[in-house]
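Structure first, commentary second.
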Amino acid sequence: MRTLSLALLVGSVSAFGLVPTRLLAVPRSGLGTSPTAVPAEVERWRGGAIAAQSLTFDDSYRSQITTLIPMLDARGLRGTFFLVSEWVDLMVWRSSWDDWGTVLRESGHEMASHSARHQENYDLAGAIQGLTGLNAVDLAYELEHSKAQIRTQLGLPDGLVFAYPYSIFNPTVRAATANHYLAARAVSGATVSATPADFYAIGSYAWEQTHTWQDMIVATNTAIARGEWAVDMIHGCDGEGWSPPASTDYALYFDHIKAQSDLGVLWVAPFGEVVRYIKERDAATVDGQGVHTAAVTSTQPLPPTPVRLTISFPAPAAWTTIQATDEGGQPVPARIVQRNGLPYALVDVLPEAPGEVAEVTVSGS
Ligand SMILES: [Zn+2]
Numbered sequence: 000m001r002t003l004s005l006a007l008l009v010g011s012v013s014a015f016g017l018v019p020t021r022l023l024a025v026p027r028s029g030l031g032t033s034p035t036a037v038p039a040e041v042e043r044w045r046g047g048a049i050a051a052q053s054l055t056f057d058d059s060y061r062s063q064i065t066t067l068i069p070m071l072d073a074r075g076l077r078g079t080f081f082l083v084s085e086w087v088d089l090m091v092w093r094s095s096w097d098d099w100g101t102v103l104r105e106s107g108h109e110m111a112s113h114s115a116r117h118q119e120n121y122d123l124a125g126a127i128q129g130l131t132g133l134n135a136v137d138l139a140y141e142l143e144h145s146k147a148q149i150r151t152q153l154g155l156p157d158g159l160v161f162a163y164p165y166s167i168f169n170p171t172v173r174a175a176t177a178n179h180y181l182a183a184r185a186v187s188g189a190t191v192s193a194t195p196a197d198f199y200a201i202g203s204y205a206w207e208q209t210h211t212w213q214d215m216i217v218a219t220n221t222a223i224a225r226g227e228w229a230v231d232m233i234h235g236c237d238g239e240g241w242s243p244p245a246s247t248d249y250a251l252y253f254d255h256i257k258a259q260s261d262l263g264v265l266w267v268a269p270f271g272e273v274v275r276y277i278k279e280r281d282a283a284t285v286d287g288q289g290v291h292t293a294a295v296t297s298t299q300p301l302p303p304t305p306v307r308l309t310i311s312f313p314a315p316a317a318w319t320t321i322q323a324t325d326e327g328g329q330p331v332p333a334r335i336v337q338r339n340g341l342p343y344a345l346v347d348v349l350p351e352a353p354g355e356v357a358e359v360t361v362s363g364s
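The sequence shown begins at 0 in numbering that gives the first Met the number 0 and counts up one residue at a time.
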């Protein structure tokens, strides 16, 4: 069987604020037969999934560590944990930095910020103001100290995501948050469009104890029907935390999510990973002719700690297997999928910093 190969180049060149990223697919040996002239594309979601889902957990509860995280790990699902940084260790009955360090190292869940103290800040009418009730100095403390504490304790690079305490924010809080974080979660009871209108007001579904797992899969199903992103806001379970559902309901829900993921319908990923994917995807445009050439250009710099983008292109009809390697010869995730009876190659390409070019070589047979 003849073996074909081609190269994908991803990179970007800085030019005074204009930062184009290029992806080129160049035949290395033999052109094969491309079944159609459909150009290569960047997939809406990783792996060619129809929709995305993020499971996010607030307030650093003990039951997240003892019950919910083992349930996620058993299913290979990764979530986002919005920590209230001064509650960690201070309320050791709840959770410790050792706990979260272990979760990060052993399970790869995302660690994120939910402010330093989760302050209520009541107004004169007795309504909770959250961060909007703070002066500029205290607001800066909640945002900056929380991020610094999480990064220092867990050894994380910059680029954390944030969740507003009580989901309350205003233009002042939003602007301050944007100075320190990659994106922020609020609450909406609706799915998020494939490109959020505002990365600092990303909506979510709050899971309260009155909700069954069947209530919650509405968000997932809506996201699948629309090609959108479902974000869940989860607290504790089995009596701990704000409005806690039973762990048995979570188990059924996580089973459903995993099944959709296994089918390739749903991309389940931490909140910040989906944000990075969207930013990289939307900065990329592709032209070219499928397996022969494809080019992706970008006018935006990459987010901190970029993630892999899934590129697809029609594969030669004979291809049933595919291998991809980067410039260093390391394997790059790639597979062949069937779409309308035709083989397509999906390759997860990791963009590099502006001015750099990442090359991926693909071969199939
Ligand atoms: Zn909270």
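Using N, Cα and C, we set each Cβ at its ideal position, and we do this for glycine too.
If you reduce the DSSP assignment to three classes, tell me which class residue i lands in.
i           : result
residue 49  : coil
residue 279 : helix
residue 363 : strand
residue 89  : coil
residue 262 : coil
residue 56  : strand
residue 203 : coil
residue 348 : strand
residue 216 : helix
residue 79  : strand
residue 167 : coil
residue 251 : helix
residue 40  : strand
residue 161 : strand
residue 239 : coil
residue 123 : coil
Among the options, whose alpha-carbon lies nearest the alpha-carbon of residue i?
i           : options               : result
residue 134 : 171, 194 and 79       : 171
residue 311 : 305, 321 and 304      : 321
residue 253 : 278, 325, 71 and 266  : 71
residue 104 : 223, 68 and 164       : 68
residue 334 : 341, 210 and 346      : 346
residue 194 : 281, 209, 92 and 99   : 281
residue 222 : 248, 101, 267 and 208 : 267
residue 129 : 138, 137, 123 and 118 : 118
residue 167 : 190, 200 and 157      : 200
residue 74  : 301, 257 and 115      : 257
residue 236 : 314, 127, 208 and 255 : 208
residue 315 : 113, 283 and 342      : 342
residue 79  : 97, 108 and 42        : 108
residue 302 : 349, 110 and 326      : 349
residue 142 : 181, 283, 62 and 46   : 181
residue 307 : 317, 339 and 271      : 271
residue 81  : 165, 313 and 244      : 165
residue 189 : 238, 169 and 214      : 214
residue 144 : 317, 113 and 216      : 113
residue 40  : 283, 127, 123 and 300 : 283
residue 51  : 362, 269 and 319      : 269
residue 62  : 234, 325, 138 and 210 : 234
residue 44  : 242, 229, 60 and 326  : 229
Would you mind sorting residue i into buried or exposed? The rule is 16 or more other CB atoms within 10 Å of its CB.
i           : result
residue 219 : buried
residue 279 : buried
residue 212 : buried
residue 276 : buried
residue 260 : buried
residue 55  : buried
residue 304 : exposed
residue 372 : Lying before the first or after the last residue shown, residue 372 is absent from the chain, which here runs from 0 to 364.
residue 121 : exposed
residue 247 : exposed
residue 330 : exposed
residue 227 : buried
residue 76  : buried
residue 175 : buried
residue 381 : A query on residue 381 cannot be resolved here, the shown segment of the chain reaching from 0 to 364 and no further.
residue 123 : exposed
residue 202 : buried
For the beta strand (DSSP E) containing residue i, list its first residue and its last residue.
i           : result
residue 69  : Careful: residue 69 lies outside any beta strand (DSSP E), inside the alpha helix (DSSP H) at 68 to 74.
residue 99  : Segment 96 to 106 is the alpha helix (DSSP H) holding residue 99; no beta strand (DSSP E) there.
residue 228 : 228 to 233
residue 324 : 321 to 325
residue 309 : 308 to 313
residue 336 : 333 to 338
residue 171 : First-last for residue 171: 170 to 179, but that is the alpha helix (DSSP H), not the beta strand (DSSP E).
residue 112 : 109 to 112
residue 304 : Residue 304 -> no beta strand (DSSP E), and no H or E assigned at all.
Can you name the start and end residues of the alpha helix (DSSP H) that residue i belongs to?
i           : result
residue 137 : 135 to 153
residue 186 : It is not in any alpha helix (DSSP H) - residue 186 carries neither H nor E in the DSSP assignment.
Using a Cβ-based criterion (distance less than 7 Å to any ligand heavy atom), does residue i qualify as near ligand 2?
i          : result
residue 80 : What this structure holds is ligand 1, not ligand 2.
Those residues, in chain order, that have a beta-carbon closer than 5 Å to some heavy atom of ligand 1:
57 and 58
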